[in-house]
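Enquirer: This is the structure I have questions about; it appears just below.
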Amino acid sequence: MRLHYNGDPNSTLNQVYSAQKAEYDKVYRPINQEMIASADSTEMVDSAKANANSGFDGAKARESRMAGRYGISYNPIQQKEINHRNSAAKSLNYDDVVNRSRLSQYDRNTQVMNDMISVGRGIDNSANQQLIQAANLQTQRENNNANISAQNDAAQTQMMGSLASAGIMALAFM
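With this note's numbering applied, the sequence shown corresponds to residues 195 to 368, in that order.
Structure follows, in structure tokens:
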């Protein structure tokens, strides 16, 4: 960032603000937009729905192999009861996994928004502090200039008084 000071503090402050805004738009705004878009994400829930019952298919195949290996056969009533229990367990597992992922997704989205709010507050506080500091520095400059002007006027008045006094003394001795 290159600034050109032309004697006007407001112009310099405007240059600083413009440069910082350009940097913000270039670096931080795309990240903020991405974060805001991800705050409505449903990735965890979608993934949970797709993978919730993947373990049941493998377990069913293992159970069938084990039963065949050991010569176990089920009568139709037993098979119906096993299928009913497996179906109920599969439904409960699916609901549990999806509900847990919804809670996790909600917590994650809420945390992203809270983090964004905290960052925004930090930027706002920092900006306010810098503006207050700039205003205080400007007031200090103006007070210093007023003091210097007053001292200059006092010195000129003293010098004029000294000259007048010296003139009166010179006339007195003539």
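C-beta atoms are modelled at their ideal positions from N, C-alpha and C, and glycine is treated no differently.
Taking DSSP as the reference, what is the three-state secondary structure of A246?
Expert: coil
Enquirer: Look up G201 in the DSSP assignment and say whether it is helix, strand or coil.
Expert: Secondary structure of G201 (DSSP, three-state): coil.
Enquirer: Of the residues M368, S298, Q305, N339, which one's Cα is nearest the Cα of E237?
Expert: Checked all of M368, S298, Q305, N339; the closest Cα to E237 is S298.
Enquirer: Using the Cα positions of Q324 and S212, report the straight-line distance between them to the nearest angstrom.
Expert: 15 Å
Enquirer: Mind checking whether V221 and S295 have CB atoms under 9 Å apart?
Expert: no
Enquirer: Just tell me which of M310, Q345, N277 has its CA closest to the CA of A255.
Expert: N277
Enquirer: Output yes or no for whether 9 Å exceeds the beta carbon distance between K243 and V210.
Expert: no
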